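Chemist: I'd like to ask you about the structure that follows.
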Amino acid sequence: MNGKNSSDKVFITDCEGPISKNDNAFELANHFIPDGDKLFSILSKFDDVLAEIIRKPDYKKGSTLKFILPFLRAYGATDEKIRKYSLKNVVLVPGAKQTLQFIKNIMPTFIVSTSYEPYIDALCQHLCFSLKNTYSTKMSIDKYPLDQEEINKLRNIRDEIKSFDRIRIPNDARCL
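Residue numbers (this note's numbering): -16 to 159.
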């Protein structure tokens, strides 16, 4: 087994937190979209409300990554620009690369994350880790061209969302 212990153990980790300090989707929004940090925060809180307060049937928590994609596209993000930005801005937790290399030599090791695949690819390049041993959010915004009318509409929607007051959820909230 390539020098690995033949036990049935595997190591599975997330990336944002244990391996890297990045919040890549937030950082992409902040980089490409004017006031993207505020837009992302509002959409993220909206995601929390739908999942935890309204408990919308068949709704999957974590949809902020889906919500932000059209806005990234409307402000000129492409697959290549996202890949380059991600590669340039990976911030590893000190010792994470060495720790992952050590664990990889003991047992099969996987990174499972909701992060966009271009970020996971960039992270793998920094870690000398195989992309084949990762699971992440597939995305390709180049597949979805926008005409100028759609771009303008999305930019207007961004302005409207950005004008909203910050959503505050009381600790004991059970419904709206």
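Note that the Cβ used here is the ideal one computed from N, Cα and C, for glycine as well.
From a predicted model like this one, the values you see are computed outputs, not experimental measurements.
From this set, Ser146, Ile103 and Arg138, which residue's C-alpha is nearest leucine 55's C-alpha?
Modeler: The shortest C-alpha separation from leucine 55 is found at Arg138.
Chemist: Look up isoleucine 160 in the DSSP assignment and give the residues it is bridged to.
Modeler: The question about residue 160 has no answer, for the chain in this structure spans -16 to 159.
Chemist: Under DSSP, the alpha helix (DSSP H) around aspartate 20 begins and ends at which residues?
Modeler: Looking at the DSSP string, the run of the alpha helix (DSSP H) that includes aspartate 20 is 19 to 31.
Chemist: I'd like the span of the alpha helix (DSSP H) that includes lysine 80, first residue to last.
Modeler: Looking at the DSSP string, the run of the alpha helix (DSSP H) that includes lysine 80 is 79 to 87.
Chemist: Between threonine 175 and histidine 109, what straight-line distance do the alpha-carbon atoms span, to the nearest angstrom?
Modeler: The question about residue 175 has no answer here: the residues shown for the chain are numbered -16 through 159.
Chemist: What does leucine 75 pair with, by DSSP beta-bridge criteria?
Modeler: DSSP, once it has assigned bridges, lists Ser3 as partnering leucine 75.
Chemist: Which partner residues does tyrosine 99 have in the DSSP bridge list?
Modeler: Answer by DSSP bridge pairing, in chain order: Thr120.
Chemist: Do you know offhand how far serine 3's Cα is from alanine 105's?
Modeler: So the alpha carbons of these two residues sit roughly 11 Å apart.
Chemist: So, is cysteine 111 buried or exposed, given that buried needs 16 or more other C-beta atoms within 10 angstroms?
Modeler: Exposed, because fewer than 16 other Cβ atoms sit within 10 Å of the Cβ of cysteine 111.
Chemist: Is it true that the CB of proline 53 sits closer than 9 Å to the CB of leucine 114?
Modeler: No.
Chemist: Kindly indicate which three-state DSSP category leucine 137 falls into: helix, strand or coil?
Modeler: Reduced to three states, the DSSP call for leucine 137 is helix.
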